[in-house]
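Working notes, beginning with the structure itself.
There are 2 protein chains.
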Amino acid sequence: MQDAPNRPYHHGDLRRAVIETALDMLREEKGWQFTLREVARRAGVSHAAPYKHFPDKAALLAELAMIGFDRLRDTLSAAKSEAPNSLRDEITTIARAYVTFGTDNPALYRLMYSAEDGQAVGIHLNERALAVFDVLLEILRRGQAAGSIRKRPIEGQAAAGWGLVHGMTMLAIDGLLVPEKVGSAPLDAALSALVEGLGSPAT
Amino acid sequence: MQDAPNRPYHHGDLRRAVIETALDMLREEKGWQFTLREVARRAGVSHAAPYKHFPDKAALLAELAMIGFDRLRDTLSAAKSEAPNSLRDEITTIARAYVTFGTDNPALYRLMYSAEDGQAVGIHLNERALAVFDVLLEILRRGQAAGSIRKRPIEGQAAAGWGLVHGMTMLAIDGLLVPEKVGSAPLDAALSALVEGLGSPAT
DNA sequence: GCGCTCAAGTAGCCACTGTCAACAATGTAT
DNA sequence: ATACATTGTTGACAGTGGCTACTTGAGCGC
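Those sequence lines, one after another, are chains A and B.
0 is the number of the first residue of the first sequence in numbering that gives the first Met the number 0; add one for each residue after it.
0 is the number of the first residue of the second sequence in numbering that gives the first Met the number 0; add one for each residue after it.
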C-alpha cells in the first residue's frame, strides 16, 4: 500500500500517515531506535517530508506522547465504566487496565514519560498527563462522597495511586518484576495494601 | 587542571576519570545530551581514548547505572540505620530517602531505569537493582517477624513499596507532581495508605 | 487556455556522533 | 637493549538530524 502506483503526488494526509507509521514502529520493538528518516522511509516519502508537518523530531515525539496519554485516559475511562459496582473492584480494574496498557505498549509508555519537560510543548503534554490523573481523582471523589474513602486531601491519595501504578508499570516494562522473585500477583498485593490504606477505617 | 602543561601522555587512571566526568555531567542538567565525545573533551583526552576502557557507550552507561544502584542501596541502608524504632517511621524514612535520591540525581536515576535490558550486561545491572529490592524486603521481613506486618507473600508487598516509591520518584522528576495540583505531601499520603494497608489489622 | 502563486516533495550540504583502524608514546619483561 | 603490551592520539567512515535551495504538482484569476 505504501507504494501504490497511483499514489498522488500530494500525499493528502501525510501528517496522519507519519503519526501512524511512528506508532507502528513504537509498537514493534521495545528497544527500537527511533529516527525520523526511518519513519519517512516506511511512510514511503523522502527523508525531509515530515519536516513539512513537524518542525522537528521532538515535536513528533511530543505529539506521539500526547496521543499516548489520550489513549491511556480513554482506556481507563472505558475500564471504569465496565467495572463492577464495588469501589474496590473499580480501583482494581482500572489499575490493572493501566498496567496492562503500559506493558502492551512499552515503547510508547516509556516515551510518554520521557519527553523533555520545560519545553513549549511540554505544557500541553503535562495537560494530557494530568487528564489521566483526573480520572483517578474522580473515582476517589466518588468514594469520599460515598463514605468509603477517608476524607483526606484527595490529591495526595490520587498521587499515591498514580505513583503506584506508574511505578509498577515501569518496573514491569524493565523486566524487574520477574515472577520468581516477586510472586505471582504483585500488583494485586500492592493494590490490596493501598486500597485498604485508603479505605475508611469502618469498612 | 585538565590541560596542565606537563600532563603525562598516559593519563594514569582514565577509567575512573571518565566515570567521574560522566557522573558530573549527569549531575548538571536533567536533559543533558550524553555523548562520549563530550565526556572525553571534559576529561581532557582525545575522543577515542575512552574506548580503551569501555567497549562502547552502552558499557559506560551500564557502569554508571550500576554505580547509581549501588549508591541508592547505600543511601537506603544508611537511612535505615538512622531511622527511629517504629517500623512505620522506618518505612517512611527510607521511602523519603529513596525519593530524595531520585529528585537529587534525576538524570542518573533516569539512566538507572532506562538502560536496555536483555543485554549481556543487563544481568549484572538487574542484580544491582534487585539488591535495592532486597533492602525493602529485609524491612518487611522484620516487620512480619515482629507481627506488625501482615503475613502475606512478602515479595508482593515489597514490590508494592518499590513500585510506589519508584513511581512517585519518576513523577516527581518529570514535574508531574506539582504541589498546586497534588497537595503538599503526596508521598506521605501515599505511604500512610500503603503502610496502613500493609499493617496487620490488629495494629 | 495561460500564467501566477503556493503547497508538497526532493536533493544535497553541514555538523555531530559512535566506532574502528592505524600510528605514537610510554612502561615492562627478558 | 630489545621486543612487547598498554594506553592515548589521529584520521577516517557511516549514520543521523537540521537547514536551505530546487523541483513538481495543483489551484486560482484572467
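All C-beta atoms in this analysis are idealised placements derived from N, C-alpha and C, irrespective of residue type, glycine included.
Only a predicted model underlies this, so the values are computations on that prediction, with no experimental measurement involved.
- DSSP places glycine 43 of chain B outside both helix and strand once states are collapsed to three, so it counts as coil.
- DSSP lists no beta-bridge partner residue for glycine 146 of chain A.
- Between the alpha carbons of arginine 151 of chain B and alanine 128 of chain B lies a distance of about 23 Å.
- If you check the CB distance, glycine 166 of chain B and glutamate 195 of chain A do not come in under 8 Å.
- Under the three-state reduction of DSSP output, glycine 198 of chain B falls in the strand class.
- Per DSSP, histidine 52 of chain A lies in no alpha helix (DSSP H) segment and is marked neither H nor E.
- Annotation: alanine 58 of chain B to leucine 13 of chain B spans about 15 Å, alpha carbon to alpha carbon.
- Under the three-state reduction of DSSP, tryptophan 31 of chain A is assigned to coil, being neither helix nor strand.
- Assigned with DSSP and collapsed to three states, alanine 82 of chain B falls in coil, not helix or strand.
- Contact holds between the segment 154 to 162 of chain A and the segment 153 to 171 of chain B, because three or more Cβ pairs, one in each stretch, are under 8 Å apart.
- Within chain A, the C-beta atoms nearer than 8 Å to that of alanine 188 of chain B come from Arg151, Pro152, Gly155, Gln156, Ala158, Ala159, in chain order.
- Here serine 191 of chain A is buried: its Cβ has 16 or more other Cβ atoms, across all protein chains shown, within 10 Å.
- With a 10 Å radius around the Cβ and a threshold of 16 neighbouring Cβ atoms, alanine 77 of chain A comes out exposed.
- Neighbours of tyrosine 112 of chain B across chain A, judged by C-beta separation under 7 Å: Met169, Asp173.
- Nearest C-alpha to serine 85 of chain A among A/Thr20, A/Ala189, A/Gly142, A/Leu170: A/Gly142.
- Look at glutamate 19 of chain A: its C-beta is not under 8 Å from any C-beta on chain B.
- The C-beta of alanine 106 of chain A comes no closer than 8 Å to any C-beta of chain B.
- Look at serine 76 of chain A here: in three-state DSSP terms it is helix.
- Secondary structure note for leucine 107 of chain B: its alpha helix (DSSP H) is the uninterrupted segment 105 to 111.
- Taking 8 Å as the cut-off, the beta carbon of tyrosine 108 of chain B is found no closer than this to the beta carbon of threonine 34 of chain B.
- In chain order, Ala158 make up the part of chain A whose C-beta sits under 7 Å from the C-beta of leucine 176 of chain B.
- When the Cα atoms are used, leucine 60 of chain B and alanine 21 of chain B turn out to be separated by approximately 9 Å.
- Between alanine 158 of chain A and proline 185 of chain B the beta-carbon gap is near 4 Å, inside 8 Å, which marks them as a contact.
- Between the C-alpha atoms of phenylalanine 100 of chain B and threonine 74 of chain B there is a straight-line separation of about 8 Å.
- In chain order, Glu154, Gly155, Ala158, Ala159, Gly162 make up the part of chain B whose C-beta sits under 8 Å from the C-beta of proline 185 of chain A.
- Excluding the 5 residues flanking it on each side, isoleucine 138 of chain A has same chain C-beta neighbours closer than 8 Å at Lys79, Leu86, Glu89, Ile90, Ile93, in chain order.
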